[in-house]
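This report refers to the structure that appears directly beneath it.
Residue numbers (this note's numbering), protein chains in the order written: chain A, 27 to 369; chain B, 77 to 156.
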């Protein structure tokens with residue numbers, strides 16, 4: 027690999043993983059709101075920048091209803107919670123040597139890496155939301171099979187594609203509502219396990235391409251003030267399936283095309299682990315990316331390790347705070363017995 | 077009746093040959109998420125339990141089980 031990791035006093039490099047659509051759940055990380063100063067300040071900053079007073083109320087509701095999973099709510103909340111958690115871990119003294127996000131998590135990762143200011147990232151996302159809320163009704167289906175098998179099963183079904191390859195046996199089928207229903211029926215009939223991802227838009231499918239053209243250009247170009255920079259912290263991209271170079275990072279079009287582009291998260295994660303032993307830290311709701319990482323040879327064999335800032339799902343009140351404290355405690359005990367990365 | 081070893085074999089089969097999972101002697105008491113099993117992999121495990129042993133675990137119950145041990149206990153408690 028081209029760049030080198032910064033290895034601090036023999037500790038294994040830390041790589042943040044930031045999850046995207048599907049990872050959201052009601053009151054995600056909410057225990058930290060009011061108890062962690064930096065987490066609270068970051069969330070409040072987001073609500074102020076987004077100028078959305080309802081969003082906070084919806085986030086904190088125990089039962090916000092199905093619209094919680096809509097792009098209008100889930101995406102700005104995921105970006106904010108991912109970044110607020112990352113900042114909380116950084117404030118505790120653990121700086122990432124690299125970052126990798128999934129889908130909207132990649133925008134949060136870009137904020138951590140210094141590609142965007144938080145305010146610009148929120149502005150970018152708010153514009154995505156205004157645009158893609160008009161996308162045809164759709165969603166995503168997680169399938170426990172290889173891309174080859176899934177691709178074969180999708181033959182002849184309109185408006186669905188493989189929108190993400192998360193691992194050797196985890197693929198997301200993305201697209202329109204009726205196409206997803208047909209795909210699900212066919213996969214289940216063939217004995218292939220699948221589960222709906224909590225989403226209401228056809229993310230990572232070409233259906234997202236049709237939308238911007240339908241909008242009128244009445245408002246000034248909202249992107250004109252956003253200037254992405256080269257990452258200051260090493261960053262991996264799910265859309266590139268590997269390291270993010272400065273040319274892509276500074277190309278606004280690269281970011282604008284993301285909602286309709288496929289995600290190669292599995293490849294990007296392999297690229298991270300190919301660099302040698304590291305400590306993966308999931309800074310987002312749930313443990314969707316941690317479970318993927320724990321099935322990789324590097325983590326399963328114990329060469330690299332994987333910790334998550336939050337519990338796998340919504341548990342008893344206070345569980346977020348306990349999980350974060352336990353993770354920070356584990357991170358503080360990282361010792362030199364972890365093999366040093368040979369980059 | 078479901079034994080820990082039977083569940084372990086099923087979990088390994090569910091993860092697939094091209095995936096790496098490490099189910100050691102203590103696997104039964106470790107959280108599924110730590111073993112690399114998310115909701116999709118758990119659904120796959122339950123589909124295989126049904127195929128191999130005719131054991132049916134309702135999808136909505138899946139998340140009630142944090143560890144393999146809890147799943148085994150539920151299966152054996154329900155069947156006995």
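Glycine residues also receive a C-beta, built at the ideal position from the N, C-alpha and C atoms.
Paired residues, beta bridge with residue i - DSSP
i	result
residue 305 of chain A	A/40 and A/331
residue 191 of chain A	A/197
residue 102 of chain B	Residue 102 of chain B pairs with nothing; no bridge assigned.
residue 374 of chain A	Any property of residue 374 of chain A remains undetermined from this structure, which presents chain A solely from 27 to 369.
residue 167 of chain A	A/199 and A/222
Proximity test, Cβ basis, 8 Å: residue i and chain A
i	result
residue 128 of chain B	no
residue 89 of chain B	no
residue 143 of chain B	no
residue 109 of chain B	yes
residue 117 of chain B	yes
residue 101 of chain B	no
residue 104 of chain B	no
residue 139 of chain B	yes
residue 131 of chain B	no
residue 114 of chain B	yes
residue 98 of chain B	yes
residue 86 of chain B	no
residue 95 of chain B	yes
residue 120 of chain B	yes
Euclidean distance between Cα positions of residue i and residue j
i	j	result
residue 183 of chain A	residue 206 of chain A	9 Å
residue 331 of chain A	residue 89 of chain A	34 Å
residue 291 of chain A	residue 124 of chain B	26 Å
residue 223 of chain A	residue 333 of chain A	23 Å
residue 30 of chain A	residue 39 of chain A	Any answer about residue 30 of chain A is weak, because its pLDDT of 34 lies below 50 and its placement is not dependable; what the coordinates show is given next. If you take the alpha carbons of residue 30 of chain A and residue 39 of chain A, they lie about 11 Å apart.
residue 148 of chain B	residue 101 of chain B	15 Å
residue 32 of chain A	residue 122 of chain A	Only weak support is given to the placement of residue 32 of chain A: the predicted model assigns it a pLDDT of 38, under 50, and the question is left unresolved by the model.
residue 129 of chain B	residue 215 of chain A	20 Å
residue 129 of chain A	residue 154 of chain B	41 Å
residue 63 of chain A	residue 90 of chain B	42 Å
residue 248 of chain A	residue 157 of chain A	11 Å
residue 77 of chain B	residue 146 of chain B	14 Å
Selected residue, minimal CA-CA separation from residue i, among the options
i	options	result
residue 118 of chain B	A/314, A/230, A/353 and A/328	A/314
residue 171 of chain A	A/210, A/338 and A/149	A/210
residue 41 of chain A	A/319, A/344 and A/306	A/306
residue 97 of chain A	A/49, A/272 and A/268	A/49
residue 52 of chain A	A/347, A/345 and A/340	A/340
residue 327 of chain A	B/96, B/78, B/77 and B/120	B/96
residue 122 of chain B	B/102, B/98, B/153 and B/141	B/141
residue 78 of chain A	A/102, A/181 and A/219	A/102
residue 293 of chain A	A/63, A/194, A/135 and A/100	A/194
residue 66 of chain A	A/177, A/188, A/301 and A/106	A/106
residue 354 of chain A	A/120, A/71 and A/176	A/120
residue 266 of chain A	A/150, A/335 and A/287	A/287
Cβ separation of residue i and residue j, assumed to be a contact under 8 Å, to the nearest whole Å
i	j	result
residue 261 of chain A	residue 152 of chain A	Actually they do not touch by this definition, with Cβ atoms about 22 Å apart.
residue 185 of chain A	residue 233 of chain A	6 Å
residue 256 of chain A	residue 225 of chain A	The Cβ separation is near 31 Å, so there is no contact.
CB contact below 8 Å: residue i versus chain B
i	result
residue 195 of chain A	yes
residue 52 of chain A	no
residue 313 of chain A	yes
residue 212 of chain A	no
residue 305 of chain A	no
residue 114 of chain A	no
residue 106 of chain A	no
residue 316 of chain A	yes
residue 170 of chain A	yes
residue 335 of chain A	no
residue 348 of chain A	no
Residue i: CB within 7 Å of a non-hydrogen atom of the ligand MG
i	result
residue 74 of chain A	With respect to the ligand MG, the structure offers nothing, as it holds no ligand at all.
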